[in-house]
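One structure is given here, and the rest of the page talks about it.
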Amino acid sequence: MAFGAIVEHDTSFSEWRPIARQCFLAGVPPEELEWRCASAEASLFDAPLTVPSPKPDAPNPILRSNCLALLKSILRHADQTRFDLAYRILWRAQSEPSLAAIPLDPDIARALRMVHQIRRDAHKMEAFLRFRDIGESQNGRRLFLAWFEPDHYILPTVAPFFTRRFTDMDWAILTPKGSITWNGEKCTLSRTACSKPDLSDSLEQLWQTYYMAIFNPARIKTKAMRSEMPRKYWKNLPETRLIPQMLAQAGTRVKAMETQQPQEAPYFHKRLQQRRTEKPEP
Amino acid sequence: MILSLALAELRTYHEQTMKQSLSERLAILSDAAKYDASCSSSGAGKRDSAGTKGLGSTGNGICHAYTPDGRCISLLKILLTNFCIYDCAYCINRSSSNVQRTRFTPDEVVWLTLEFYRRNYIEGLFLSSGIIRSPEDTMAQMVHVARELRQVHGFRGYIHLKTIPNASAEQLAEAGLYADRLSINVEMPTEQGLAAYAPEKKAGIIRHSMGEMRTRIDAGKERSLSGRRPPRFAPGGQSTQMIVGADTATDHDILASSSSLYSGYKLRRVYYSAFSPIPDASAILPVRPPPLLREHRLYQADWLYRFYGFQFSEITAAQPDGMLDLALDPKLAWALANRALFPVDLNRASREMLLRVPGLGVRSVNAIVTSRRHKHLRLEDLARLNVSLRKVKPFLHTTGWSPTRLTDQINLRQAFLPSPQQLSLF
Ligand code: SF4
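Chain order of the listed sequences is A and B. Convert by adding 2 to the 1-based position in the first sequence; the result is the number in my numbering. Convert by adding 1 to the 1-based position in the second sequence; the result is the number in my numbering.
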């Protein structure tokens with residue numbers, strides 16, 4: 003029978019750790035261990051997996067703190083091969099204690115790439131999440147709701163950011179990977195998938211006005227825009243639907259500026275100039 | 002005093018403008034602010050509202066949206082009013098322009114900032130203003146907005162105030178108490194440029210205000226002998242902006258000016274804003290803007306100065322006309338001009354020298370320096386760092402690779418020129 007464990011998609015570090023420990027104490031090397039996700043097209047013909055029993059006298063695995071941090075971090079990635087990678091790093095680090103400090107090692111390079119993706123995902127969530135005003139909560143505070151679709155399991159990563167920033171209001175952030183709620187005192191995380199709520203907020207009109215007005219039609223750099231704000235985020239942003247229209251009008255606006263005739267200065271300007279010549283400033 | 006005479010007209014203007022809806026005024030006053038590039042929300046340090054009844058935090062410098070001009074929206078960047086008694090040629094708000102005039106009340110700015118912030122649109126406020134009545138009066142209104150936000154609403158997000166030259170010392174002190182960053186624009190790279198394009202602004206006064214701010218910012222960081230903290234003063238430092246391409250200043254002039262600004266006034270950032278065509282432009286301005294690439298190259302040069310240990314003079318030294326090479330990035334251009342220094346040894350070159358290798362960024366250099374303590378690096382190892390081997394190859398050598406013949410090539414520059422199609426993609 004093959005050694006391995008069946009894990010949920012969103013298995014966190016603290017859930018993965020005891021299983022990994024047990025396999026490690028059983029002395030099963032990474033090549034002989036299979037990590038399989040519970041819902042990934044399970045088939046009757048898949049070989050059954052057993053988590054091996056630990057050997058009584060096996061030494062505990064030890065990790066340097068940077069390596070532990072790395073494993074904690076990559077377990078938040080959505081890639082299902084993360085369990086395998088994390089276990090291999092755990093295994094290798096026993097004989098190569100400074101492994102995590104070698105960014106050019108293939109396993110570490112891959113782990114660092116994952117860390118980078120997670121960080122970017124969290125950063126984009128902090129940037130592109132939009133709260134919508136939905137009135138008052140039971141305790142009389144203002145209540146806001148947001149919908150976001152993160153790529154990775156980053157709710158625990160971003161929750162402190164939101165609670166420390168939006169302290170004086172109540173809010174909930176709903177995502178397909180769970181939710182975060184805040185009532186001024188307590189932050190609650192859940193891993194139950196949410197569905198997209200139907201929200202509207204009249205203030206979005208002012209935000210759209212701002213978005214259009216702050217755009218400079220004489221500089222078009224859509225590639226720069228898309229690399230920082232990839233299209234996948236657009237569907238949940240209130241302002242991006244204006245982009246086609248803004249781009250379509252840009253050419254005419256610039257033409258108009260180039261071909262305009264000098265106009266006569268307003269009356270106010272002339273008065274000012276007059277005063278200046280009459281009564282020069284000291 | 003000229004201005005008190007103009008008060009009657011000002012009042013009629015204001016009565017008319019307050020009839021416009023908030024949305025109309027927002028459109029005008031953000032349109033008027035967009036030519037200022039210094040929108041970043043950096044340098045404020047970490048601060049949050051945990052355990053307070055307030056709202057907001059800093060320290061993340063987040064870009065909350067991007068517009069199709071490729072610029073990030075981090076702050077609500079608006080003018081209190083676009084009414085202005087000065088006549089700076091490059092500015093859409095100059096008194097001789099026929100742009101529609103309007104203003105916000107300080108309360109409206111406070112409200113907009115808070116409501117935008119609550120919805121996670123922005124990191125905070127960047128407030129600037131045309132000069133109305135007098136510099137003190139204008140500055141007083143801006144300080145009022147910042148005070149309301151901080152004291153009445155417990156706002157702990159980012160505030161950047163554009164300082165009005167000639168504001169009083171008390172106003173400046175109070176502004177620094179609330180603002181994370183203060184700035185004052187030098188506008189033109191040279192004094193002659195300023196005299197020609199912004200006749201009412203005086204280079205001496207601008208520099209004096211910057212010096213004043215630097216002294217206060219420095220003082221704000223030092224504890225006194227008794228260990229007491231001085232009053233807070235703009236912990237995010239000061240920044241400035243120069244307009245590129247409106248006058249004849251070369252890149253060399255511009256960077257020389259940056260150099261003195263960074264060292265003389267300890268600026269956090271110098272922003273370069275390619276002069277952009279504006280509606281109802283002044284006749285003394287060029288009709289066509291400079292290529293955006295020029296602005297980009299200046300930012301790259303600035304980046305090399307701030308993070309790569311380059312001096313500005315080194316960057317422009319090899320360019321006879323004082324202009325940066327538009328076709329090559331300044332680091333590559335520098336390396337080609339100093340090819341005798343290359344190739345460098347991947348495993349032994351100093352960190353400083355690796356930073357000068359075209360194609361290696363700060364992050365890859367750090368990774369190389371840590372990794373080579375543990376193993377001998379070959380060229381293939383670099384591929385794992387997302388480094389373009391094609392770019393770095395001519396400048397590095399290591400076991401199994403030595404590029405001597407490449408750096409000997411006379412037409413090396415030719416080899417690095419992007420193909421015409423790529424250039425037009427930019
Ligand atoms: S002072 Fe000059 S740059 Fe500033 S708003 Fe007035 S005209 Fe524009």
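Where is the CB? At the ideal position from N, CA and C, for every residue including glycine.
Query, Result
"B:Cys85 - DSSP class collapsed to helix/strand/coil", "coil"
"Extent of the continuous alpha helix (DSSP H) run through A:Leu35", "A:Leu35 -> not in any alpha helix (DSSP H); beta strand (DSSP E) instead, spanning Leu35 to Cys39."
"Cβ-based burial, A:Ala71 [other Cβ within 10 Å; buried from 16]", "exposed"
"Closest Cα partner of B:Ser50 within the set A:Arg66, A:Arg78, A:Lys234 and A:Asp170", "A:Asp170"
"Chain-ordered residues of the segment 185-210 of chain B with a beta carbon less than 8 Å from chain A", "none"
"Backbone CA spacing between A:Asp135 and B:Leu80 [nearest angstrom]", "26 Å"
"Any C-beta of chain A under 8 Å from that of B:Thr371", "yes"
"A:Lys234 - DSSP class collapsed to helix/strand/coil", "helix"
"Identity of the residue in A:Gly137, A:Pro20, A:Leu65 and A:Gly142 nearest A:Asp203 by Cα", "A:Gly137"
"Within-8 Å CB hit, B:Ser277 to chain A", "yes"
"Beta bridge counterpart(s) of A:Asp135 as assigned by DSSP", "A:Phe146"
"Boundaries of the alpha helix (DSSP H) in which A:Lys257 is found, first to last residue", "Ile245 to Thr261"
"Contact under 8 Å by Cβ, B:Pro290 with B:Pro278", "yes"
"Runs of alpha helix (DSSP H) wholly within the segment 154-227 of chain A (minimum 4 residues, chain order)", "157-167 and 206-216"
"Rounded distance between the beta-carbons of A:Arg23 and A:Pro63, thought under 8 Å", "7 Å"
"Distance between B:Ser97 and A:Ala267 (C-alpha atoms, nearest Å)", "5 Å"
"B:His161, enclosing beta strand (DSSP E) - first and last residue", "Tyr159 to Lys163"
"Limits of the unbroken beta strand (DSSP E) element including B:Phe127", "Gly125 to Ser129"
"Per-residue contacts from A:Thr211 into chain B (C-beta, under 7 Å)", "Ser24, Leu27 and Ala28"
"Contained alpha helix (DSSP H) runs [length at least 4] in the segment 73-107 of chain A, N- to C-terminal order", "84-97"
"Start-to-end residues for the beta strand (DSSP E) that takes in B:Lys78", "Leu76 to Leu80"
"Residue range of the unbroken beta strand (DSSP E) whose run includes B:Val245", "Gln239 to Val245"
"Short CB-CB distance (under 8 Å) between A:Arg59 and chain B", "First, the amino acid is wrong: residue 59 of chain A is Asp here, not Arg. No, its Cβ sits nowhere closer than 8 Å to a Cβ of chain B."
"Test: A:Leu191 CB closer than 8 Å to a CB of chain B", "no"
"For B:Tyr273, the first and last residue of its enclosing beta strand (DSSP E)", "Arg270 to Ala275"
"Beta carbon proximity, B:Ser39 to chain A, threshold 8 Å", "no"
"Any non-hydrogen atom of the ligand SF4 within 7 Å of B:Ala199 CB", "yes"
"Presumed contact (8 Å Cβ cut-off) between A:Pro61 and A:Ala28, rounded CB distance", "Not a contact, Cβ separation roughly 13 Å."
"Cβ of A:Asn218 within 8 Å of any chain B Cβ", "yes"
"Where B:Ala170 falls: helix, strand or coil (DSSP)", "helix"
"heavy atom of the ligand SF4 below 7 Å from B:Gly131 C-beta", "yes"
"Chain-ordered chain A contacts of B:Asp49 [CB-CB under 7 Å]", "Arg166 and Arg167"
"Any non-hydrogen atom of the ligand SF4 closer than 7 Å to B:Arg95 Cβ", "yes"
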